[in-house]
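Read the structure below first, then the notes.
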Amino acid sequence: MPFFTSKFSPKKSKIRKSTLSLTNEDLEELIHDNRTVKLQLGDSSAYFQNGTWRIDGIDHTYKGNQKLKTKVQELEEENNLLKLKLEILLNMLTKATAERLHPTELKLRKNEASV
Numbered sequence: 012m013p014f015f016t017s018k019f020s021p022k023k024s025k026i027r028k029s030t031l032s033l034t035n036e037d038l039e040e041l042i043h044d045n046r047t048v049k050l051q052l053g054d055s056s057a058y059f060q061n062g063t064w065r066i067d068g069i070d071h072t073y074k075g076n077q078k079l080k081t082k083v084q085e086l087e088e089e090n091n092l093l094k095l096k097l098e099i100l101l102n103m104l105t106k107a108t109a110e111r112l113h114p115t116e117l118k119l120r121k122n123e124a125s126v
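Here it is in C-alpha cells:
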C-alpha cells in the first residue's frame with residue numbers, strides 16, 4: 012500500500028473519440044455560396060453572415076414587440092389619467108361632504124351655547 016497517494020484522487024479518464032463526421036457535402040450545405048453559415052435547431056434556424064448571427068423570423072417578432080410596447084405605454088398613460096380623475100373626484104366628494112356637515116355643526120354649537 013503506497014503511503015503518498017490519496018484514496019480520493021480521481022483517475023484520469025480515457026481520451027474519447029470524436030463521433031462527429033462531416034463530409035464535404037455536409038459542409039457545402041452548411042456554407043452557402045456567399046459564405047454564410049446556416050444553423051438549424053428544431054424549428055428555428057439562424058445564419059452567420061458578415062460577422063453577426065441573424066435569426067429567421069426575428070423581424071416579425073421585433074415588430075410585434077414594438078407594437079406591444081407602444082400599447083403598454085398607452086395603457087399606462089390612460090391608467091395614470093384615470094387615477095388622477097379618481098383623486099379629483101374623491102377630493103370633490105370630501106369637500107361636498109364637509110360643506111354639507113358644516114352648517115349642521117354650526118347649528119348644534121349655537122344650540123349648545125344658548126342652553
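With the working numbering, the residue at position 10 of the sequence shown is 21, and numbering never jumps. No residue lacks a Cβ here, since even glycine has one placed at the ideal position from N, Cα and C.
(1) Can you tell me whether residue 65 is helix, strand or coil according to DSSP?
(2) Span of the beta strand (DSSP E) holding residue 49?
(3) Between the alpha carbons of residue 66 and residue 58, how many angstroms are there, rounded?
(4) For the beta strand (DSSP E) that contains residue 59, what are its first and last residues?
(5) Are the beta-carbon atoms belonging to residue 49 and residue 55 less than 8 Å from one another?
(6) Look up residue 27 in the DSSP assignment and say whether it is helix, strand or coil.
For this structure:
(1) The answer is strand: DSSP assigns residue 65 an E or B state.
(2) Element bounds for residue 49: 48 to 52.
(3) If you take the alpha carbons of residue 66 and residue 58, they lie about 6 Å apart.
(4) 55 to 60 is the span of the beta strand (DSSP E), which, as asked, contains residue 59.
(5) Residue 49 is not a Cβ neighbour of residue 55, given a cutoff of 8 Å.
(6) Here residue 27 sits in coil by DSSP.
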